[in-house]
Amino acid sequence: MPTKPKPVEGEKKVFMTGNEVVAWAAAAAGAECMYGYPITPQNEIMHYWTRLAPKFGLIFLQTEDELSAGFTMLGGVLAGRKSFTATAGPGNTLMQEPLSMAEMMRLPAVVVIQQRGGPSTGQVVYSQQEVTLTSLGGNGEGLRVVYSTSSHQDLYDYTIKAFNTAWRYRFPTFLLGDGYQGKMREPVVMYDPEVRGVELVPAEPYVGRPGTPGVDRPPAHLRNAYSIEEELYEAVMELVREYEKVAPEIVEHEAFGVDGARVVAVAHGVVFRAVKGVVRELRQQGVPVGYFRPITLRPFPADALRRVAATGVRLLVVESAYGQLARLVKEALSGLPAEVHGLYKPGVLVGQGEIATRIKTLVQGG
Amino acid sequence: MQIQPAMPRSWRPETKPHKFCPGCGHGIVLKALGEAIDELEIQDRVVFGCDIGCSLLSWDFFNVDTVQTHHGRTTPVMVGMKRANPELIVVAYMGDGGGYAIGTQHLVNAATRNDRITVILVNNTQYGMTGGQMAPTTLPGQKTETTPFGRDPELTGYPIQGPEMVASITRDGAYVARGTVARPRQLKEFIKRALQNQMAGRGFSFVEALSTCPTNWRTNAEDTWKFIEKEMTRYFKVGEVKVPPELARGKGEREDG
Chain A
168 MPTKPKPVEG EKKVFMTGNE VVAWAAAAAG AECMYGYPIT PQNEIMHYWT RLAPKFGLIF
228 LQTEDELSAG FTMLGGVLAG RKSFTATAGP GNTLMQEPLS MAEMMRLPAV VVIQQRGGPS
288 TGQVVYSQQE VTLTSLGGNG EGLRVVYSTS SHQDLYDYTI KAFNTAWRYR FPTFLLGDGY
348 QGKMREPVVM YDPEVRGVEL VPAEPYVGRP GTPGVDRPPA HLRNAYSIEE ELYEAVMELV
408 REYEKVAPEI VEHEAFGVDG ARVVAVAHGV VFRAVKGVVR ELRQQGVPVG YFRPITLRPF
468 PADALRRVAA TGVRLLVVES AYGQLARLVK EALSGLPAEV HGLYKPGVLV GQGEIATRIK
528 TLVQGG
Chain B
7 MQIQPAMPRS WRPETKPHKF CPGCGHGIVL KALGEAIDEL EIQDRVVFGC DIGCSLLSWD
67 FFNVDTVQTH HGRTTPVMVG MKRANPELIV VAYMGDGGGY AIGTQHLVNA ATRNDRITVI
127 LVNNTQYGMT GGQMAPTTLP GQKTETTPFG RDPELTGYPI QGPEMVASIT RDGAYVARGT
187 VARPRQLKEF IKRALQNQMA GRGFSFVEAL STCPTNWRTN AEDTWKFIEK EMTRYFKVGE
247 VKVPPELARG KGEREDG
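Protein sequence lines correspond, in order, to chains A and B.
If you're matching positions, the first sequence starts at 168 in this note's numbering and goes up one per residue.
If you're matching positions, the second sequence starts at 7 in this note's numbering and goes up one per residue.
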């Protein structure tokens, strides 16, 4: 059998939109199925995937809605193929139903969210208002992994990582971007994961394994419905134990200048880029400020942030939402006497000038 | 000496007797499916997907790989699975609420796309698991928990004609039939042909099975049988609705009830 051509050979520097980056990265990660439904600002992921499909033997179906996109994706996963979908806003709301099933049944679904403004139809451009929904959505316990990207290189690296995390730990995994990241062009290095020594975790079928069920092997009987409270309680507690066991291996953050800082700015996603620039500049001017960026919003890097907060700094949460990241931060810092301030701009980008002004005010005790 | 009743080979004896109420038609539909799987010798290739509602009680019914999904979502799960691995023979099993109400968009679009899957939809004229509410299939005048004075078609319409709808939106290659647990052999034949049609890769295959629910109908044995044989067939004609020319017409000739 001829081996399939690799979507990305070696390494190459390209200049492209984030949505295109995601399509290439998913193919490079060994994804074989994409099921999707149009919604702005993620459409180009499907557009590029459908163009890559014939060349690399990839499967695509445009479904009737996001419920179907999510559930067909789970069908692809059950059949043993790395499968994913991409959505945003109201589509993300619908996507919580299939992802709840993935959470219950440990199905390694991968979902790319390019956040848009909300509530409701909101706007189709940009926000960070899908943090709560993506991290804790569904009628369950939020047992999923959420990577928040802040650059096109992140989009490439973490798309590949998302498939590996999903198939290694068997928890549904989200890549949380936004409309600006999806639509903007910037330079990115695309690479064959093997060239970088990134091992791709293989997919395995849940159904249709060799042999006759009940004769050569037990049948796969996969369910998400239980008859009594205690039975479900035990199933959920097993999920929670497993999630808490692997969380330390998954959790990621980056920090700078937090030692000796009077103020630490906390931000994720594209807002982090603004914060990073401001903090580095103020630091050069001698202002005692640092930054903390959660890369995984679920599991949240609570221990690392608690260590920062324990030094008595004032925290400034900066986000394009009205306190959704701040809620995760406050939960992580529960019991610590840390001051948490907010610079909340739901659905709009936060400018470096206003961030700098707030930081300086807080440093001066205001 | 204990004598077991004859069961299809593809049934899982460890989970019998099954969990359905006395008099429920699900067992007969699943027996027809089990016999069809046996006769076609496809136990090692079938994946059975079951919906929410009473159909979910079949999640461990067969010695066949099985996935229990969400209410109305069995169709897309099996569509995604079949497209990811066309070697599998997939069966989406659901009730009238799952197929004709909460999951209608999936049924309509899978049929329109001619997805190579087999859908078996059990029509017992109401929502059984939740306690007997009106369904799209409830007969005019029929009392349910949400139509305590009888279904008024002026307010809530007439029973949905599922197979007729599926037949009208599918292209050549689709197989569509309506069977009944009152005629188990004919029902088995319809299900077998629906599986063969998928195996031949011809197209969407759909069987509605008229079924009994004495628990929620509040009927005794005699009235149960009268309801399925006389009342339901006034609105739901039993027989094959659409047969690809390649599937030779045999026992499944349309026999109006």
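Glycine included, every Cβ here is placed at the ideal spot set by N, Cα and C.
All values reported here derive from a predicted model rather than from experimental measurement.
Quick one: measure Cβ to Cβ for B:Val125 and B:Ala107, integer angstroms, because I've assumed they're closer than 8 Å.
So it is not a contact: roughly 15 Å between Cβ atoms.
At 7 Å on the CB atoms, spell out the chain B contacts of A:Asn231, in chain order.
In the sequence as presented, Asn is not what sits at residue 231 of chain A; that position holds Glu. Residues of chain B passing the Cβ test: Gln111, His112, Asn115.
Can you tell which of B:Met100, B:Ala38, B:Trp223 has the C-alpha that lies nearest to the C-alpha of B:Gly156?
If you compare the alpha carbons of B:Met100, B:Ala38, B:Trp223 with that of B:Gly156, the shortest gap goes to B:Trp223.
Could you compute how far the alpha carbon of B:Pro23 sits from the alpha carbon of B:Leu63?
12 Å
Residue environment, A:Asp383, which counts as buried when at least 16 other CB atoms sit within 10 Å
exposed
Within 10 angstroms of its Cβ, does B:Ser174 collect 16 or more other Cβ (buried), or is it exposed?
exposed
Quick check: what's the CA-CA separation for A:Ala498 versus B:Asp178?
Rather than Ala, the amino acid found at residue 498 of chain A in this sequence is Glu. Each residue's Cα considered, the two are about 58 Å apart.
Would you say B:Thr239 and B:Gly29 are within 7 Å of each other, going by their C-beta atoms?
Contact check for B:Thr239 against B:Gly29 fails: the beta carbons are separated by 7 Å or more.
Does B:Gly263 come within less than 7 Å of chain A when only Cβ atoms are used?
Caution applies to B:Gly263, whose pLDDT of 38 falls short of 50 and renders its modelled position unreliable; the model cannot decide the point.
Same chain, Cβ closer than 7 Å to B:Glu261, neighbours up to 5 away in sequence not counted
Reliability of the predicted coordinates at B:Glu261 is poor, the pLDDT of 45 falling under 50, and no value is obtained from them.
At which residues does the alpha helix (DSSP H) containing B:Asp229 begin and terminate?
227-232
Proximity of A:Arg440 and A:Phe182 at Cβ, strictly below 7 Å
no
Partners in chain B for A:Arg337, counting only beta-carbon separations shorter than 7 Å
In chain order: nothing, as chain B lies at least about 15 Å away.
Consult DSSP for A:Lys412 and reduce its assignment to one of helix, strand or coil.
helix
Output yes or no for whether 7 Å exceeds the beta carbon distance between A:Tyr325 and A:Leu310.
no
Here's a check: name, in chain order, each residue in its chain whose Cβ is nearer than 6 Å to the Cβ of A:Ala422, leaving out the five neighbours to either side.
Phe459
So, is the C-beta of B:Thr72 closer than 7 Å to a C-beta in chain A?
With a threshold of 7 Å between beta carbons, B:Thr72 makes contact with chain A.
Pick from A:Leu219, A:Pro415, A:Thr288, A:Ala476: whose alpha carbon is nearest that of A:Val312?
A:Pro415
Assign B:Arg208 to one of two classes, buried (16 or more other C-beta atoms within 10 Å of its C-beta) or exposed (fewer than that).
Its Cβ being crowded by 16 or more others within 10 Å, B:Arg208 is buried.
Checking contacts by CB at 7 Å: is A:Pro257 closer than that to chain B?
no
Count the C-beta pairs between the stretch 192-199 of chain A and the stretch 216-231 of chain A that are closer than 8 Å, then say yes if the count reaches three, no if not.
yes
The beta strand (DSSP E) enclosing A:Gly457, as first and last residue numbers:
Counting along the chain, A:Gly457 sits inside the beta strand (DSSP E) bounded by residues 456-461.
Within the stretch 166-219 of chain B, note down every full beta strand (DSSP E) run reaching 3 residues or more, in order along the chain.
181-186, 211-216
Nearest candidate by alpha-carbon position, reference B:Ala90, set A:Gly514, A:Cys200, A:Ser267, A:Pro257:
A:Cys200
Assuming contact is defined by CB atoms lying nearer than 7 Å, are A:Gly305 and A:Ser267 in contact in what I supplied?
Yes. Within cutoff.
Chain-order list of residues whose beta-carbon lies under 7 Å from that of B:Ile58 (same chain, five-residue window excluded)
These residues qualify, in order along the chain: His76, His77, Gly104.
If we call anything under 7 Å between Cβ atoms a contact, is A:Leu274 one with A:Glu233?
Result no, Cβ atoms of A:Leu274 and A:Glu233 do not sit closer than 7 Å.
Mapping the DSSP letters down to three states, classify A:Tyr358 as helix, strand or coil.
strand
Reference A:Leu510, options A:Leu303, A:Ile526, A:Pro504, closest by Cα:
A:Ile526
Would a check of beta-carbon distances place B:Met13 closer than 7 Å to chain A?
no
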